Amino acid sequence: MDTNLPVSTQPRVVIVGCGFGGLRLAKALRDAPVQVVVVDRNNYHNFQPLLYQVATGALEADSIAYPIRKIFAGQKNFFFRMADVQRINTAGNTLHTSVGDIRYDYLVLSTGSLTNFFGIESLEKNAMQIKSIPNALNLRSFIFQNFEKALLTENPEEKQALMNIVVVGGGPTGVEISGSLAEMRKHVLPKDYPELDLSKMQIILVEAGAELLGPMSVKSQQDAMRYMNELGVQVRLNTHIKGYENCRAYYSETEFIPTENLIWAAGVNGAEVPGLPPEIVARNKRITVNQWNQVQGLTNVFAIGDVANMVTDEMPRGLPMLAPVAQQQAEHLADNLQRLLKGQEPVNFVYKNKGVMAIVSRNKAVVDLPKDVHFSGFFGWLTWLFVHLMTLVGFRNKVVAFVDWAFSYFSSDQALRLIIRPFSRRDVKDDQGKKKAEHNTGTPQYNPTPPAIQTPAA
Ligand SMILES: Cc1cc2nc3c(=O)[nH]c(=O)nc-3n(C[C@H](O)[C@H](O)[C@H](O)COP(=O)(O)OP(=O)(O)OC[C@H]3O[C@@H](n4cnc5c(N)ncnc54)[C@H](O)[C@@H]3O)c2cc1C
Numbered sequence: 001m002d003t004n005l006p007v008s009t010q011p012r013v014v015i016v017g018c019g020f021g022g023l024r025l026a027k028a029l030r031d032a033p034v035q036v037v038v039v040d041r042n043n044y045h046n047f048q049p050l051l052y053q054v055a056t057g058a059l060e061a062d063s064i065a066y067p068i069r070k071i072f073a074g075q076k077n078f079f080f081r082m083a084d085v086q087r088i089n090t091a092g093n094t095l096h097t098s099v100g101d102i103r104y105d106y107l108v109l110s111t112g113s114l115t116n117f118f119g120i121e122s123l124e125k126n127a128m129q130i131k132s133i134p135n136a137l138n139l140r141s142f143i144f145q146n147f148e149k150a151l152l153t154e155n156p157e158e159k160q161a162l163m164n165i166v167v168v169g170g171g172p173t174g175v176e177i178s179g180s181l182a183e184m185r186k187h188v189l190p191k192d193y194p195e196l197d198l199s200k201m202q203i204i205l206v207e208a209g210a211e212l213l214g215p216m217s218v219k220s221q222q223d224a225m226r227y228m229n230e231l232g233v234q235v236r237l238n239t240h241i242k243g244y245e246n247c248r249a250y251y252s253e254t255e256f257i258p259t260e261n262l263i264w265a266a267g268v269n270g271a272e273v274p275g276l277p278p279e280i281v282a283r284n285k286r287i288t289v290n291q292w293n294q295v296q297g298l299t300n301v302f303a304i305g306d307v308a309n310m311v312t313d314e315m316p317r318g319l320p321m322l323a324p325v326a327q328q329q330a331e332h333l334a335d336n337l338q339r340l341l342k343g344q345e346p347v348n349f350v351y352k353n354k355g356v357m358a359i360v361s362r363n364k365a366v367v368d369l370p371k372d373v374h375f376s377g378f379f380g381w382l383t384w385l386f387v388h389l390m391t392l393v394g395f396r397n398k399v400v401a402f403v404d405w406a407f408s409y410f411s412s413d414q415a416l417r418l419i420i421r422p423f424s425r426r427d428v429k430d431d432q433g434k435k436k437a438e439h440n441t442g443t444p445q446y447n448p449t450p451p452a453i454q455t456p457a458a
């Protein structure tokens, strides 16, 4: 029991997840009279907004991750256990984890989100996702492996499918990765694969809604669409991908896009942990919390960030799943926990929207600030670079990212295109590290019989 954590007279706050929210909360409790125990299945903090740059070879994985123990070196009340949290026992105030049980006085869930495939099994089995560093490295290797295969095949249909890349989801992640792939097609692939006719390579961004960057301003949506056209990315709006099998991304019973590379960036669910009463798990598997992040019906359990469903009058569908929401909730909860310890009333959380942005490619980004301020282009791109550089954890990471970006900008090249972890879909793992797919796609299989179409669960 308690995984050798030291006995303390101070109450123990256990934080599950050291992403944007968990990290900020543990730091904010540095001087609080509590024992802070952080549990994460990884021993590093992952800066997810730059995952797509790892996937497209613009940044090294090491420059967007930082070892958790190093971040907290010197924080006396901090303890870390690398473990997968499998179940919460709210009656016994304990967590059941892969390394043993951990007792808590206060529990904070900051477990983030998981890719949502809307119950479509063929996508879950065969699509690439981009939620973790292993996902991003797999994606990079997979794309370059497929180009190596495209050189070898005589079959034009197979060659086309190996070179085509379909990105599903026109939100910031889908737009960012499509733009980055278009840059790769223009600057990197012609140098590496002069034997391939890259004018035939298609990058297709598919979006179920009527516009790109749905939650952003109309100006940002229009700018993003214009940039996609300039980069030669084909955008298909109002299109649902309903199945993906045998290298065919189906958007109707019979119509499909041939592709070996399908990247699913079309939605996420909260990463809830089993053991909570089912009635408090809201839509998208987010956990219902009150205005001070307390889980409904549980006095000493809290949730922040992506996994928390905090509904406000302005946002009846819950606050957006964004890093600043997680960070602001973390800081607010740190104050509220200390108020609770002193017997004071907690204070309601108010989200301060400081703006949203998305990068499309070099010199092209869109930025929406409060009070309807919008700008894009080169200035938007510089703003994006500056904000992301400043928010990366660790001085070394900031320097390495800056050097990599400067090198790419001035040389129009990306140094990182090693196939260092050969990947086949046989290896697909979900975010819990469990094996998910058994689908072997060593070479594309062209099955003339279309698979059954599954429609997304309501
Ligand atoms: C590709 C991509 C791009 C994005 N771009 C942006 C952007 O540009 N701007 C923006 O604001 N937001 C962006 N986001 C969203 C942003 O990353 C999230 O809103 C933010 O990470 C949420 O923080 P969090 O603390 O709730 O969870 P996370 O940062 O996801 O952290 C969750 C942590 O919990 C751990 N964990 C989960 N379950 C368990 C378990 N059972 N046991 C142990 N550990 C567990 C995970 O390992 C992880 O470390 C992006 C997300 C993605 C995937």
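Read in order, the letters of the sequence shown are residues 1 to 458 in full-length UniProt numbering.
For each residue, glycine too, the CB sits at the ideal point set by N, CA and C.
All figures in this text were calculated on a predicted structure; none of them were measured in a lab.
Exercise. Do you know offhand how far Asn164's Cα is from Cys247's?
Worked result: Here the question's residue 164 lines up with position 164 in the sequence shown. Here the question's residue 247 lines up with position 247 in the sequence shown. The straight-line gap separating the alpha-carbon atoms of Asn164 and Cys247 is approximately 10 Å.
Problem set entry | Start-to-end residues for the beta strand (DSSP E) that takes in Tyr250 | Counting from one through the sequence shown, the residue named residue 250 turns up at place 250. Segment Arg248 to Tyr250, the beta strand (DSSP E) holding Tyr250.
For this session: Reducing DSSP to helix, strand and coil, say where Cys18 ends up.
Result: Stepping through the sequence shown from its first residue, residue 18 is reached at position 18. Of the three classes helix, strand and coil, the one that applies to Cys18 here is coil, per DSSP.
For this session: Locate the alpha helix (DSSP H) running through His240, then write down its first and last residues.
Result: As a first step, residue 240 is located in the sequence shown; it is residue number 240 there, counting from the start. For His240, no alpha helix (DSSP H) run applies, since DSSP gives it neither H nor E.
Exercise. Within the present structure, is the beta-carbon of Ile257 separated from the nearest heavy atom of ligand 1 by less than 8 Å?
Worked result: Stepping through the sequence shown from its first residue, residue 257 is reached at position 257. Answer for Ile257: no, Cβ out of range of ligand 1.
Exercise. Residues in its own chain within less than 7 Å of Gly297 by CB, not counting five upstream and five downstream?
Worked result: Here residue 297 refers to the residue found at position 297 when the sequence shown is read from its first residue. The residues are Pro277 and Ile280.
Exercise. Within the chosen definition, does the stretch 27-39 reach the stretch 72-89 through at least 3 CB pairs nearer than 8 Å?
Worked result: In the pairwise beta carbon analysis, the stretch 27-39 is classified as touching the stretch 72-89: at least three pairs are separated by under 8 Å.
For this session: State the CB to CB distance for the pair Trp405 and Pro346, rounded to an integer number of angstroms; the pair is presumed to be in contact (CB under 8 Å).
Result: Looking up residue 405 in the sequence shown gives position 405. Looking up residue 346 in the sequence shown gives position 346. The beta-carbon separation of Trp405 and Pro346, rounded to 42 Å, does not stay under the 8 Å limit for a contact.
Problem set entry | Contained alpha helix (DSSP H) runs [length at least 4] in the stretch 64-105, N- to C-terminal order | Runs found: 68-71.
Exercise. For Asp313, which of Lys200, Val350 and Tyr250 has the nearest alpha-carbon?
Worked result: Looking up residue 313 in the sequence shown gives position 313. Distance from the Cα of Asp313 is smallest, within the candidate group Lys200, Val350 and Tyr250, for Val350.
For this session: Can you grab the Cα-Cα spacing for the pair Pro11 / Ala26, in whole Å?
Result: Here residue 11 is taken as the residue at index 11 of the sequence shown, counted from 1. Here residue 26 is taken as the residue at index 26 of the sequence shown, counted from 1. Approximately 14 Å, taken between the alpha carbons.
Exercise. Under the criterion of a Cβ to heavy atom distance below 8 Å, does Thr90 qualify as lining ligand 1?
Worked result: Your numbering for residue 90 matches position 90 in the sequence shown. No; taking the cut-off as 8 Å, the Cβ of Thr90 has no heavy atom of ligand 1 nearer than that.
For this session: Less than 8 Å between the CB atoms is what I'm expecting for Val54 and Tyr227, so what's the real figure, rounded?
Result: Position 54 of the sequence shown, counted from the start, is the residue given in the question as residue 54. Position 227 of the sequence shown, counted from the start, is the residue given in the question as residue 227. That belief does not hold up - the Cβ atoms of Val54 and Tyr227 are roughly 22 Å apart, past 8 Å.
Problem set entry | Pairwise C-alpha distance: Thr239 and Ser412 | One-based indexing of the sequence shown puts residue 412 at position 412. One-based indexing of the sequence shown puts residue 239 at position 239. Here the alpha carbon of Ser412 sits roughly 33 Å from the alpha carbon of Thr239.
For this session: Consult DSSP for Pro450 and reduce its assignment to one of helix, strand or coil.
Result: Within the sequence shown, the letter at position 450 stands for residue 450. In this predicted model, Pro450 has a pLDDT of only 41, less than 50, meaning its place in the structure is not dependable; the value taken from the coordinates is given anyway. Three-state DSSP puts Pro450 in coil, outside helix and strand.
Exercise. Of the choices Pro67, Glu157 and Gln86, whose alpha-carbon is the least far from that of Phe80?
Worked result: Along the sequence shown, read from residue 1 onward, the residue named residue 80 stands at position 80. It is Pro67.
Exercise. Beta strand (DSSP E) containing Gly270: first to last residue?
Worked result: In the sequence shown, the residue the question calls residue 270 occupies position 270. Residues Val268 to Gly270.
For this session: Examine ligand 1 and report whether any of its heavy atoms sits within less than 8 Å of the Cβ of Asp368.
Result: The residue labelled residue 368 in the question sits at position 368 within the sequence shown. Not a single heavy atom of ligand 1 lies less than 8 Å from the C-beta of Asp368.
Exercise. Is DSSP giving Arg396 helix, strand or coil here?
Worked result: Start at 1 with the first residue of the sequence shown, and residue 396 comes out as number 396. In this structure, Arg396 counts as helix in the three-state DSSP scheme.
For this session: May I ask you to report which of helix, strand or coil DSSP gives Glu364?
Result: Against the sequence shown, residue 364 aligns to sequence position 364. The sequence given here places Lys at residue 364; Glu does not occur at that position. DSSP places Lys364 in strand when its eight states are reduced to three.
Exercise. Curious, which full-length beta strand (DSSP E) runs of at least 3 residues does the stretch 310-384 contain?
Worked result: Those beta strand (DSSP E) runs which fall completely within the stretch 310-384 and span 3+ residues are 356-361, 364-369 and 373-376.
Exercise. Any heavy atom of ligand 1 closer than 8 Å to the CB of Gln48?
Worked result: As a first step, residue 48 is located in the sequence shown; it is residue number 48 there, counting from the start. Gln48: yes, Cβ under 8 Å from ligand 1.
For this session: Report the three-state DSSP secondary structure of Val13 (helix, strand or coil).
Result: As a first step, residue 13 is located in the sequence shown; it is residue number 13 there, counting from the start. In the three-state reduction of the DSSP assignment, Val13 falls in the strand class, which pools E and B.
Exercise. How many Å lie between Ser408 and Cys18 at the Cα?
Worked result: What you label residue 408 is simply residue 408 of the sequence shown in a count that begins at 1. What you label residue 18 is simply residue 18 of the sequence shown in a count that begins at 1. Ser408 and Cys18 have their C-alpha atoms some 30 Å from each other.
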